[in-house]
Amino acid sequence: MSNSDQSGRYQAHILEQTWQKRWAEKNLFRVSEDPKKPKYYLLEMFPYPSGRIHMGHVRNYTIGDAVARWLRMRGFNVLHPMGWDAFGMPAENAALAHNIHPARWTYENIDYMRAQLKRLGFSYDWSRELATCDPSYYRWEQLVFVKMWEKGLVYRKQALVNWCDRCQTVLANEQVVDGVCWRCDEPVKQKRLFGYFFKITQYAEELLQCLEDLPGWPERVLTMQRNWIGKSYGARILFALEGRDESVEVFTTRADTLMGATFVSLAPEHPLVDILSRNTPQEQEVRAFVDKVKRQTHAERADEKQKEGVFLGAWALHPLTGARMPVYAANFVLMDYGAGAVMAVPAHDQRDFEFARAYNLPLAEVIAGPEGERDPAAVTVAYTEYGTLVNSGEFTGLTSRQALAAVPDKLSALGLGGRTVNYRLRDWGISRQRYWGTPIPMIHCPACGLLPTPEKDLPVVLPLEAEIPATGGSPLPGLESWVKTSCPRCGQEARRETDTMDTFVESSWYFIRYACPDYDRGIADQRADYWMPVDQYIGGIEHAVLHLLYSRFFSKVLRDLNILPNLNEPFVNLLTQGMVIKDGAKMSKSKGNAVDPNDLITRYGADTVRLFSLFAAPPEKDLEWSDNGVEGASRFLNRLWRVVNSVVEAGGDKISAYQGGEELSPPLKELYAKIHETVKKAGDDLQNRFQFNTVIAAVMELLNLVSLTEQNPEVKSHPAALAVLRLAAETAAILISPMAPHIADELWRRLGHDGYLIDQPWPEHNPEALTRDEKTVVVQIGGKVRGKLLMSSGADEDELKAAALADSKVRSHLEGQNIVKIMVIRDKLVNIVLEGK
RNA sequence: GCGAGAGUGGCGGAAUUGGCAAACGCGCUGGACUUAGGAUCCAGUGGAGUAAUCCUUGGGGGUUCAAGUCCCCCCUCUCGCACCA
């Protein structure tokens, strides 16, 4: 047999190369808009071109490819593209380490990784490939930026931002994970800097509401986004400051406890902290405290459980009673939530309670629980539940729930606050003090101020002649020839913005670019309307609030800019695949437990690697790596190879597959039924949850039965035997083809077909083939299996009862017992219920 | 603390609407073919017991003729958020 070595193993590489070449020559995976077919946009998260692909990529893209091929066989017009998330820090680090330009490093990596992906035989429409670092890509991003600026969706401000010393750049809130930089694990600091911000908060409510419209997303991701947006209903309350014009605004979700407020706490970063303490005896002490807190990293501060603070030397006035309340700066008050200030109610908030205790501040009991009012002197812990208001003047006697409305309404009437809604979500800071990114298309004119680059001057091309300074950081501010420009309004000398955009901006819209791949024709046209939204998105859970939230925001912005007026949500269905684990940890180079896909492909071939990735675990679950498991996948493909070839050698390629009609002997009939059962199961399992693992298991079962049938001596003599075996071989090849496409196409050809399986219709099962003459019926006594009967299919209740009671094994269990009842489920089960059981 | 998800053999994992628990694969045991086997094929493989039989889906209760699956309580693990006012 050709294409096999002496041991009978098929030669995967030769075969795979041959088929990959044929597919490419035929442009088999190139698609265009086709009104005659239903469209399906299938997308996997594009990779960062870090150098080589890893097993996580292999898994992600194998799942996607199997889905794509399967849908294509089912008659969908499938858009399945691939590209490169090509801007970012590692290119700059590599530039420093290896003295290579980030552009060269990036494009060389892309070339290498593209070849790796091609080796795996993925069915991408490569004509749509993109790299985000290409000016033809980011020019449209700059255009969107300018339009957003004009619409007020981008602004520049000086703000406290997250700063990573190692990356020498700003990080968005979403990029600070457990207080450290999401990319390099450096503890994140706070720094006051000018930067550009996307007004994602303007979309907070919509981003929250539309989560309801995403039933195809995992609950986990929806919850994470909901938490991140963090909507809460509450009140804003203004506290006047004694002897001053300013007042302090606080946000609270517990306006019902207002009458129990005894002091006010500000975040150390709060602007009033400086102002209030200035020229007071406390000034030095306040400054020392604020400095101490500011020196702490994000993580250190989050870890700090000790409530600490300092009196600012100022007094706030209770809005309803006018009582004097000391104003503190406190370490547990966060500047970036609510108003950065809280009214302190020590009796009913645990943090305030601890603070009050530490600084000897008074406590006022205003909420009584079911146990009644507590003695303030005996309180050891804050009572934080809802209850009934006490000691609360006109509000006394109201329930918390009633007071939550009544108190803010009263304040509102007094002009001292009112009901409000607060979101945890902050605007998206997109300025990065980096080189390898999309230049922010803004110009600073000494006379006219800050202006966007006119559309006709786009793109603002990132200058490739720049060299990364040895100290790290961006070379752009020092590149006079590039920075110097003229003001688009007055024509005088002006300077370009030298910040670049967060790379998450590029990945927020790349899925639209794939739909309209002609880079010179604008960001999107009616083709995007045809393809969008993405029907199925597949990627890692780590982007649950980063990329997946930004992309949703960006889609809504593009809609509101009238670029894609029909777009609302970008991703209809989301599949978050699990990690690839080895020795109990996520595979990674730094942990030293990585398996190189290249080595595996060389050793086993792409089909084996793909098959194992799909077989070892269902897509959403983590996949435990197993060298033996890969062997098993390889063994299976070799078995498939031998079995199908044996059918071919018996002449199976010269006859047509069994179509029904001709009478079959029992073993052949069994095989025929199994074929259709397998078809049904494969279809159902893919339809339901992309359960490739069970589909593969089903094909394995089919193949096991084929072997068994072939060896059965009485089968050989049957005139239809070869036709049934051929049907089985053919079905196995078709069903396995989305997962192991190369070997499947080769076997398809050996079976005498022309063309490619991806163009074959996905098979439908024949319900008639599933019906068997005989059914195994289980006999239970009191729910325990006591016997099995082989009954003719469709036998009625009485027949089943009689047969069950006649069974000798069953009878022995019934000895001396009274039968209460007999349950019969046709073709399945008889359950005999005994007295006293 | 809040939220989400999960607990099934030695391992990865199966099990439509409640209806034979452990499919399929790995590993292991024995055998066949072989100069050889890390190829291939066959048989076996949840636990206890010589056997009949009994037990078994984290634990405990319940509903039901029948529960891995439904209900209640508890335990453990993973993930996310977390001084959120």
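Take the numbering used here: the final residue in the first sequence is number 1083, and no numbers are missing along the way. All residues carry an ideal CB built from backbone N, CA and C; glycine is no exception.
Ignore the nearest five residues each way along the sequence and tell me which others in residue i's own chain have a CB closer than 6 Å to its CB.
i       : result
Leu289  : Phe757, Val780 and Tyr783
Gly1033 : Val1025, Asp1053, Lys1055 and Val1056
Ala862  : Leu869 and Gly875
Lys1021 : Met1037, Ser1039 and Asp1073
Val1079 : Val1066 and Lys1067
Asn1064 : Glu1081
According to DSSP, residue i sits in a beta bridge with which residue or residues?
i       : result
Glu870  : Ile827
Tyr479  : Val667
Arg438  : Leu406
His690  : Leu696 and Arg741
Val613  : Note that residue 613 is Ile in the sequence shown, not Val. DSSP lists Leu635 as partners of Ile613.
Cys413  : Paired residues: none, contrary to the question.
Gln1026 : Val1031 and Asn1077
Pro779  : Pro779 pairs with nothing; no bridge assigned.
Arg888  : The partner list for Arg888 (beta bridge, DSSP) is empty, contrary to what the question assumes.
Lys1021 : Met1037
Gly462  : Asn819
Trp561  : Pro572
Residue i and residue j: beta carbons closer than 8 Å?
i       : j       : result
Trp728  : Pro709  : yes
Arg856  : Leu366  : yes
Gly310  : Lys283  : no
Leu454  : Lys477  : yes
Val890  : Leu993  : yes
Leu925  : Pro1009 : Checking the sequence shown, residue 925 turns out to be Val, not Leu. Contact flag set, yes.
Val519  : Val536  : yes
Val1076 : Leu1046 : yes
Pro592  : Thr498  : no
Met825  : Gly297  : no
Arg972  : Ala1015 : no
Ala590  : Val532  : no
Ile787  : Thr822  : yes
Pro734  : Thr684  : no
Gln266  : Pro843  : no
Arg742  : Val706  : yes
Taking all protein chains shown into account, do 16 or more other C-beta atoms lie within 10 angstroms of the C-beta of residue i, making it buried, or fewer, making it exposed?
i       : result
Asp764  : exposed
Met1069 : exposed
Pro865  : buried
Gln530  : exposed
Asp931  : buried
Cys691  : buried
Tyr196  : This structure cannot speak to residue 196, because the chain is shown only from 247 to 1083.
Cys736  : exposed
Ser754  : buried
Ile521  : exposed
Gln937  : buried
Ile260  : exposed
Asn934  : exposed
Looking only at its chain, what residues have a beta carbon closer than 7 Å to the beta carbon of residue i, apart from the 5 residues adjacent to it on each side?
i       : result
Leu457  : Leu468, Gln471 and Arg472
His1059 : Ile1027 and Arg1032
Arg678  : Thr415, Val416, Asp745, Thr746, Met747 and Asp748
Ile942  : Leu857, Leu860, Phe861 and Met985
Ala879  : Thr854, Leu857, Phe858 and Phe861
If I measure Cβ to Cβ from residue i and keep anything under 8 Å in the same chain, skipping five residues before and after, which residues do I get?
i      : result
Leu846 : Thr854, Val855 and Val876
Gln263 : none
Val434 : Asn408, Trp409, Cys410, Leu417, Val422, Gly425, Val426, Cys427, Thr543, His544 and Ala545
Leu563 : Phe485, Ala486, Leu487, Glu488, Ala569, Arg570 and Met571
Do residue i and the ligand SAH come close, with the Cβ less than 7 Å from some heavy atom?
i      : result
Ser677 : Judged by which ligands are present, the structure shown has none, so any question about the ligand SAH falls away.
* To do: Evaluate contact between the stretch 389 to 404 and the stretch 415 to 435, counting only Cβ atoms and requiring at least three cross-stretch pairs below 8 Å.
  => No, they do not touch.
* Given 8 Å as the limit, is there contact between the stretch 993 to 1001 and the stretch 948 to 968, that is, 3 or more CB pairs closer than that? -> No contact exists between the stretch 993 to 1001 and the stretch 948 to 968.
* Given 8 Å as the limit, is there contact between the stretch 836 to 852 and the stretch 894 to 910, that is, 3 or more CB pairs closer than that? -> With contact defined as three or more Cβ pairs closer than 8 Å, the stretch 836 to 852 and the stretch 894 to 910 are not in contact.
* Asked: Can we say the stretch 710 to 719 touches the stretch 624 to 644, given the rule of at least three CB pairs closer than 8 Å?
  -> With a cut-off of 8 Å on Cβ pairs, the stretch 710 to 719 is not in contact with the stretch 624 to 644, counting fewer than three such pairs.
* Asked: Do three or more CB pairs link the stretch 297 to 309 to the stretch 386 to 394 at distances below 8 Å?
  -> Output reads no: the stretch 386 to 394 does not touch the stretch 297 to 309.
* **Cβ pair count under 8 Å reaching 3, the stretch 361 to 379 against the stretch 321 to 337** => Verdict: yes, contact present.
* **At least 3 beta-carbon pairs within less than 8 Å: the stretch 479 to 488 vs the stretch 651 to 666** => Yes, the stretch 479 to 488 touches the stretch 651 to 666.
* Asked: Counting Cβ pairs, one atom from each stretch, are 3 or more of them under 8 Å apart for the stretch 913 to 923 and the stretch 947 to 958?
  -> The way I'd put it, the stretch 913 to 923 does touch the stretch 947 to 958; three or more beta-carbon pairs between them come closer than 8 Å.
* Cβ pair count under 8 Å reaching 3, the stretch 612 to 627 against the stretch 570 to 588 -> Judged by Cβ distances under 8 Å, the stretch 612 to 627 makes no contact with the stretch 570 to 588, as fewer than three pairs qualify.
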